[in-house]
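So the structure is just underneath, and the comments pick up after that.
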Amino acid sequence: MAISSTTEVLICKEDTPGCEETEAPSSSSRVHEHGEEERPDLHETEYGTVDSPPLDQLDGGSSPLGQMEGGDMIMEPKSGMEFDSFEELMEYYRLYAKKCGFGSMTQRSERDDEGNVRYVTIGCTRGGKAQNRTMNVAKPRPTGKTDCKARINALKVQGKMRLTTVHNTHNHGLSPQKSRFFRCNREVNYFTRMQYKNLGFFALMDLDDDGRLKNVFWADPRSRAAYQDFGDVVTFDTTYLTNRYGMPFAPFVGVNHHGQSILFGAGLISSEDTETFTWLFQTWLECMDGIAPPTIITNQDRAMKNAISIVFPKSRHRFCLWHILKKVPEKLGSHRAYKSGLKTQLMKCVYDSQTIEEFEKSWEELIGAYNLEENVWLQSLYAERTHWVPVFLKEYFWAGMSTTQRSESMNAFFDGYVHAKTNLKEFVDQFDNALRKKMENEISSDFQSFSVTIPCISRSPMEKRFQQLYTNAKFREVQEQVMGLVDMDPSLLRRDGVKKTYLVEDEVLVDEFTKHVNFHVDFNEEDCDVKCSCGLFQMRGILCRHILAIFKCNGIKTVQDRYILNRWRKDIKRRYTLISSTYDTGSQQEDSNRYSSLLNICYRMITRAAGSKEHTEDAMAKLYSMIELYGDTQEPPSIPKC
Numbered sequence: 001m002a003i004s005s006t007t008e009v010l011i012c013k014e015d016t017p018g019c020e021e022t023e024a025p026s027s028s029s030r031v032h033e034h035g036e037e038e039r040p041d042l043h044e045t046e047y048g049t050v051d052s053p054p055l056d057q058l059d060g061g062s063s064p065l066g067q068m069e070g071g072d073m074i075m076e077p078k079s080g081m082e083f084d085s086f087e088e089l090m091e092y093y094r095l096y097a098k099k100c101g102f103g104s105m106t107q108r109s110e111r112d113d114e115g116n117v118r119y120v121t122i123g124c125t126r127g128g129k130a131q132n133r134t135m136n137v138a139k140p141r142p143t144g145k146t147d148c149k150a151r152i153n154a155l156k157v158q159g160k161m162r163l164t165t166v167h168n169t170h171n172h173g174l175s176p177q178k179s180r181f182f183r184c185n186r187e188v189n190y191f192t193r194m195q196y197k198n199l200g201f202f203a204l205m206d207l208d209d210d211g212r213l214k215n216v217f218w219a220d221p222r223s224r225a226a227y228q229d230f231g232d233v234v235t236f237d238t239t240y241l242t243n244r245y246g247m248p249f250a251p252f253v254g255v256n257h258h259g260q261s262i263l264f265g266a267g268l269i270s271s272e273d274t275e276t277f278t279w280l281f282q283t284w285l286e287c288m289d290g291i292a293p294p295t296i297i298t299n300q301d302r303a304m305k306n307a308i309s310i311v312f313p314k315s316r317h318r319f320c321l322w323h324i325l326k327k328v329p330e331k332l333g334s335h336r337a338y339k340s341g342l343k344t345q346l347m348k349c350v351y352d353s354q355t356i357e358e359f360e361k362s363w364e365e366l367i368g369a370y371n372l373e374e375n376v377w378l379q380s381l382y383a384e385r386t387h388w389v390p391v392f393l394k395e396y397f398w399a400g401m402s403t404t405q406r407s408e409s410m411n412a413f414f415d416g417y418v419h420a421k422t423n424l425k426e427f428v429d430q431f432d433n434a435l436r437k438k439m440e441n442e443i444s445s446d447f448q449s450f451s452v453t454i455p456c457i458s459r460s461p462m463e464k465r466f467q468q469l470y471t472n473a474k475f476r477e478v479q480e481q482v483m484g485l486v487d488m489d490p491s492l493l494r495r496d497g498v499k500k501t502y503l504v505e506d507e508v509l510v511d512e513f514t515k516h517v518n519f520h521v522d523f524n525e526e527d528c529d530v531k532c533s534c535g536l537f538q539m540r541g542i543l544c545r546h547i548l549a550i551f552k553c554n555g556i557k558t559v560q561d562r563y564i565l566n567r568w569r570k571d572i573k574r575r576y577t578l579i580s581s582t583y584d585t586g587s588q589q590e591d592s593n594r595y596s597s598l599l600n601i602c603y604r605m606i607t608r609a610a611g612s613k614e615h616t617e618d619a620m621a622k623l624y625s626m627i628e629l630y631g632d633t634q635e636p637p638s639i640p641k642c
């Protein structure tokens, strides 16, 4: 379906036959961030007992057969009609019901020993008698039930679903133009409900020509704001879960100042092709105000790669190395030398190459030594080597997400909350529960970083500085490098004025074995600029022990600001922590309440002012004057604790 489609669906706030109805976004249109548009206050009403009118007399009808969108025709159900599968039968009757103007539902079904449907009754949603579930007899709940008998019975005969009984007469009026109101179209009400609760909530639904949900993306305002602080690297993975509707779960994940997974929005998609991924990435980019991530990690998927090149052409795209290497036994395990040297040399080629030239030479030797010139899989890997071999990627920041560990940990977090059999409504409810727990963990880690001090293990002023500034989780990573400093003995290789190059020998533990590795460190005495060939600081933002050794032998005791990353600091007040989320625990900080109140007012003001150039200029002038009035003298709000 084209992204510009304007198919509409109406969805309900309650799951009752007489529920209030509210209009959902049109296909591929956003749930607007303002709440000012008028929404119809609609109810299903009782109709008198009437016969079902001919199809050509229905609202919008023009043919006894009922012409569908696109010119397709749909026949009235008749006894003896056969369908290749239960799913085909359900789809046929749903389309027929939509065209006629009534809702359909499964009233009864039986399955065989293998779990396949052998018998089913599908009927009008107004079938059955009303059940009054309220104790207030003076104000009974509205109902749409009229004990309508319209239904079909189908039995599995010789592998096909055959209609055995057909009743097409309804005891209530029909209208195709109102078919979008029926509860079969209400599963997406979560997104409208969230928009009501929080004006910064973003959702976009992609519907097919029949008004069915194809793809959906959503992000709460807290996730959107968190992207401004931690959007320097994003991982995207669809391998974790495919729900009961066959829609893969597609979260956008980053890493916060504690090294914990943090969500930047999520989608449910109907397929994993270039068109779908392009829609999802464009939607996510719109949600994040057009700011693309500098780096993005995915698995080795051709459709994803194509979509990323379209939507994020300037982002550095990396394949998950873990996903690639886990295929090695499958692709090369049958080789006679796999266990006697092939696997080891492949790993050395991937992990030990410190320069691109080293990798190219090592790869060529690997291919030649084991006669792998005709191996198609290795040929494809080599063609895309800049997307997965570490030596091509160590100049970019990955925040410790160089493998799928970050995505896997986010997936592990959702385990216990959602699974393949979770329906859409349960999914989004449990999704919120999982994120609520995630937020509580982050707040707890914030509290621990401020209230618990990890002792220094050296007398280094640099270590003390990181202890004061970094979260506990990141300071522990710094300490790992400080401990390794003991074994470092740099030797000067060459000097050119104020520029020095050192050789640092190190021992690296790999699979319980220790190997010796040589690293080169370039150091500028004039401005203390330093760079190590191991790439730890470039990739993870943590100074390596090799650099610390160079600082030590040059008498550098104060760490330069350029080597202190704000994204790891515990003393910075981040805006997203002040924004109430759809999954807040209810005990919000006073700062958060004030922030949310101001934000909601601003949303309303922006909605009105953006309508004209004059109002926009006037609003901007007044906002700038308010900023000057309040100034920068006020203390920032305190960091929320538990």
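Numbering (the UniProt record's numbering) for the sequence shown: 1 to 642.
Glycine residues also receive a C-beta, built at the ideal position from the N, C-alpha and C atoms.
Predicted model only: the values in this text are computed from it and were never measured.
Coil, strand or helix - residue i by DSSP
i: residue 383; result: helix
i: residue 109; result: strand
i: residue 160; result: strand
i: residue 296; result: strand
i: residue 249; result: strand
i: residue 324; result: helix
i: residue 526; result: coil
i: residue 262; result: strand
i: residue 213; result: strand
i: residue 153; result: strand
i: residue 466; result: helix
i: residue 506; result: strand
i: residue 486; result: helix
i: residue 287; result: helix
i: residue 515; result: strand
i: residue 496; result: strand
i: residue 235; result: strand
i: residue 610; result: coil
i: residue 206; result: strand
i: residue 349; result: helix
i: residue 125; result: coil
i: residue 643; result: There is simply no residue 643 to check, as the chain begins at 1 and stops at 642 in what is shown.
i: residue 166; result: strand
Straight-line Cα distance separating residue j from residue i
i: residue 436; j: residue 626; result: 35 Å
i: residue 439; j: residue 277; result: 28 Å
i: residue 398; j: residue 624; result: 36 Å
i: residue 104; j: residue 309; result: 43 Å
i: residue 117; j: residue 567; result: 54 Å
i: residue 352; j: residue 577; result: 41 Å
i: residue 442; j: residue 253; result: 15 Å
i: residue 349; j: residue 207; result: 47 Å
i: residue 467; j: residue 456; result: 7 Å
i: residue 384; j: residue 124; result: 55 Å
i: residue 516; j: residue 487; result: 12 Å
i: residue 335; j: residue 492; result: 44 Å
Distance between beta carbons of residue j and residue i, contact taken as under 8 Å
i: residue 311; j: residue 285; result: 6 Å
i: residue 519; j: residue 554; result: Not quite, the Cβ-Cβ distance comes to about 16 Å (not below 8 Å), so this is no contact.
i: residue 227; j: residue 288; result: 5 Å
i: residue 263; j: residue 223; result: 5 Å
i: residue 280; j: residue 250; result: 6 Å
i: residue 469; j: residue 570; result: 7 Å
i: residue 559; j: residue 459; result: 15 Å between Cβ atoms; not a contact.
Residue i and residue j closer than 8 Å at C-beta
i: residue 298; j: residue 236; result: yes
i: residue 215; j: residue 269; result: yes
i: residue 645; j: residue 471; result: Residue 645 is absent from the model: the chain starts at 1 and stops at 642.
i: residue 490; j: residue 547; result: no
i: residue 482; j: residue 463; result: yes
i: residue 248; j: residue 272; result: yes
i: residue 345; j: residue 324; result: no
i: residue 539; j: residue 394; result: yes
i: residue 377; j: residue 318; result: no
Close Cβ partners of residue i (< 8 Å) along its chain, the five nearest in sequence each way excluded
i: residue 476; result: 454
i: residue 498; result: 524, 525, 526
i: residue 619; result: 605, 606, 609
Close beta carbons around residue i, own chain, < 6 Å, minus the five adjacent residues each side
i: residue 82; result: 160, 162
Residues near residue i by beta carbon distance below 7 Å, same chain, minus five either side
i: residue 306; result: 274
i: residue 84; result: 160
i: residue 355; result: 391
i: residue 166; result: 77, 78, 79, 152
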